[in-house]
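**Q** Quick note on numbering: the sequence shown equals residues 1 to 403 in UniProt numbering.
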Amino acid sequence: MNIPFSPPDITEDDITAVANTLRSGWITTGPECKMFEKELSLPWMSGYRVAVLNSATAAMEIVLRILGIGFGDEVITSVYTYAATVNVIRHVGATPVLVDVIEGGYNLSHLAVERAITSRTKVIIPVDIGGYPCDYAALYDVVESKKDLFTGLPRSRLFHHADRVVILADAAHSLGARIGEAMSGSLADFSAFSFHAVKNLTTAEGGALSFTHLFGVSTEDIYREVMLWSLHGQDKDALTKAAKGSWEYDVLFSGYKCNMTDIAAALGRSQLRRYHQTLEQRRKIYANYRLALPSPLLIAPWDVDDTYHSSFHLAIMQIPGISEEGRNQFIRTMAMSGVACNVHFKPIILLQAFVDLGYQQLDFPQAFNRYKESISLPIYTQMQKQEQEYVIDKLCENYKNYS
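Structure below.
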């Protein structure tokens, strides 16, 4: 039996939705994108305003741009994340400040964040690893306690009255997660989502940004600024320019080109219509893993309490005490049995692009413990019960050989 890691779930309804858009005569940013934004807002993001873009990476960088983040500023994020989170900080010229994760878990430590805040700190980017939300209440408490250090956002076109550090959630994994009744997308000042091919909901490539009014700036003004940055700084998109007599436009500043197409949005809307079922199926697979695996093998995320609900984007198994080489051999053995596993993630400082940040492994003991002990298991909505049982059998068999 061959078990892939995370193939996309594309149905005939998805294909029909895309084909209908292709036949419609309008394929770039247009009515499908606008509807997708509305349908994401409620119920999935507790009514926060949403802008769809071509990636979560673009969403995060645009936030840093509209905040005026640049040279001399510091942005705090987790050492345990994908490169995109740190790349956007470097793209704007700011300094990434990396912190460790919580003991036993994967999300960044609010205590480490508290120690890292300085007068140069402008933004914190928590990362919801595997779809499990960070402790945003604790992070806001930290931000509030450090307000006296904050020196404003003087380069921002919008946020002249900012009085504290901004929290931008890297929610690439956590669409549909929640804390209590508050959905991911409404837990931070800004939240960036990914619709990449391996995500719970896909538009092949794509992303979204959620936000609400902030520091006296309305959601409409923020939305307009995001849209300007997504289309070269041009004050009209293609749909607006297509209206009769509306060809005239201006370019207000040198922005980017990272808008979503209606083709992508049509796929996203189709997938969103069944997203409740997607989450439930992933939860069931995760629960099967958790119940069936021997007790020494831990499956993350773990419930802090019954108010935290994951999107189950990843099912990460921990093998306590295993070495990094032992973990890698375990993955190779699983592959020989036809089961594709993965690792999420290499701590940032192990990547060549970030060696110059000057950190050492000893600076992040928790993150490196998680890294060497962790294996991401196959989890996808089409996964049949017999496929799950096969994966579990092979995991148990290989764990016996290891132990």
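Where a beta carbon is used, it is the ideal one built from N, C-alpha and C, also for glycine. These numbers come from a predicted model, not from an experiment.
If the criterion is Cβ atoms closer than 9 angstroms, does the pair K257 and S230 meet it?
**A** Within the sequence shown, residue 257 is the residue found at index 257, counting from 1. Within the sequence shown, residue 230 is the residue found at index 230, counting from 1. Yes, the pair counts as a contact, with Cβ atoms nearer than the cut-off.
**Q** Which runs of the beta strand (DSSP E) fall wholly inside the region 16-103 and span at least 3 residues, in chain order?
**A** 49-53, 74-78 and 95-99
**Q** Could you tell me the boundaries of the alpha helix (DSSP H) in which L228 lies?
**A** Taking the sequence shown and counting its residues from 1, one reaches residue 228 at position 228. Segment T219 to S230, the alpha helix (DSSP H) holding L228.
**Q** Look at the alpha carbon of T151 and the alpha carbon of P43, and state the distance between them as a whole number of angstroms.
**A** Residue numbering aside, residue 151 sits at position 151 when the sequence shown is read from its first letter. Residue numbering aside, residue 43 sits at position 43 when the sequence shown is read from its first letter. Using only the alpha carbons, I get a separation of about 36 angstroms.
**Q** Check N200 in the structure and name its three-state DSSP category.
**A** As a working mapping, residue 200 is identified with position 200 in the sequence shown. Note: N200 maps to coil in three-state DSSP.
**Q** Any contact of the region 105-119 with the region 348-357, i.e. 3+ C-beta pairs under 8 angstroms?
**A** no
**Q** For P4, count neighbouring Cβ atoms within 10 angstroms of its own Cβ and tell me buried if that reaches 16, exposed if not.
**A** On the sequence shown, position 4 is the one that residue 4 refers to. Under a 10 Å Cβ-count criterion, P4 is classified as exposed, with fewer than 16 other Cβ atoms of the shown protein chains found around its own Cβ.
**Q** Are there 16 or more other CB atoms within 10 angstroms of the CB of Y371, so buried, or fewer, so exposed?
**A** Translated into the one-based positions of the sequence shown, residue 371 becomes position 371. By the 10 Å Cβ count, Y371 comes out buried.
**Q** DSSP state of I10, grouped into three classes?
**A** Here residue 10 refers to the residue found at position 10 when the sequence shown is read from its first residue. In the three-state reduction of the DSSP assignment, I10 falls in the coil class, being assigned neither a helical nor a strand state.
**Q** In chain order, what residues of the same chain lie with their CB nearer than 6 angstroms to the CB of F312, ignoring the 5 residues before and after it?
**A** As a position in the sequence shown, residue 312 is number 312, starting the count at 1. Sequence-distant Cβ neighbours of F312 in its own chain, meaning closer than 6 angstroms and more than five residues away, are G131, R282, R283 and Y286.
**Q** Within the same chain, show all residues whose beta-carbon is closer than 8 angstroms to that of E225, passing over the 5 residues directly before and after it, in chain order.
**A** One-based indexing of the sequence shown puts residue 225 at position 225. Once the five neighbours on either side are set aside, the close Cβ partners of E225 are I66, R157 and L158.
**Q** From what residue to what residue does the beta strand (DSSP E) around Q318 run?
**A** By 1-based counting over the sequence shown, the position of residue 318 is 318. First-last of the beta strand (DSSP E) with Q318: A315 to Q318.
**Q** What span of residues does the beta strand (DSSP E) with F193 cover, start to end?
**A** If you number the sequence shown from 1, residue 193 lands on position 193. Its beta strand (DSSP E) spans residues F190 to S194.
**Q** Along the chain, which unbroken stretches of the beta strand (DSSP E) at least 3 residues long are found entirely within the region 242-326?
**A** 298-300 and 315-318
**Q** Could you say if the region 212-222 and the region 234-254 meet the contact criterion of at least three C-beta pairs nearer than 8 angstroms?
**A** no
**Q** For the structure I just gave you, are there three or more beta carbon pairs, one from the region 128-147 and one from the region 172-182, closer than 8 angstroms?
**A** Touching, yes.
**Q** Between H276, S374, E280 and T261, which lies nearest to G27 when the distance is taken from Cα to Cα?
**A** Walking along the sequence shown from the start, residue 27 turns up at place 27. Inspection of the sequence shows that residue 27 is occupied by Ile rather than by Gly. Checking every option, the nearest Cα to that of I27 belongs to T261.
**Q** Could you check the C-alpha separation between V52 and D363 for me, to the nearest Å?
**A** Within the sequence shown, numbered from 1, the residue matching residue 52 stands at position 52. Within the sequence shown, numbered from 1, the residue matching residue 363 stands at position 363. When rounded, the distance between both Cα atoms is 37 angstroms.
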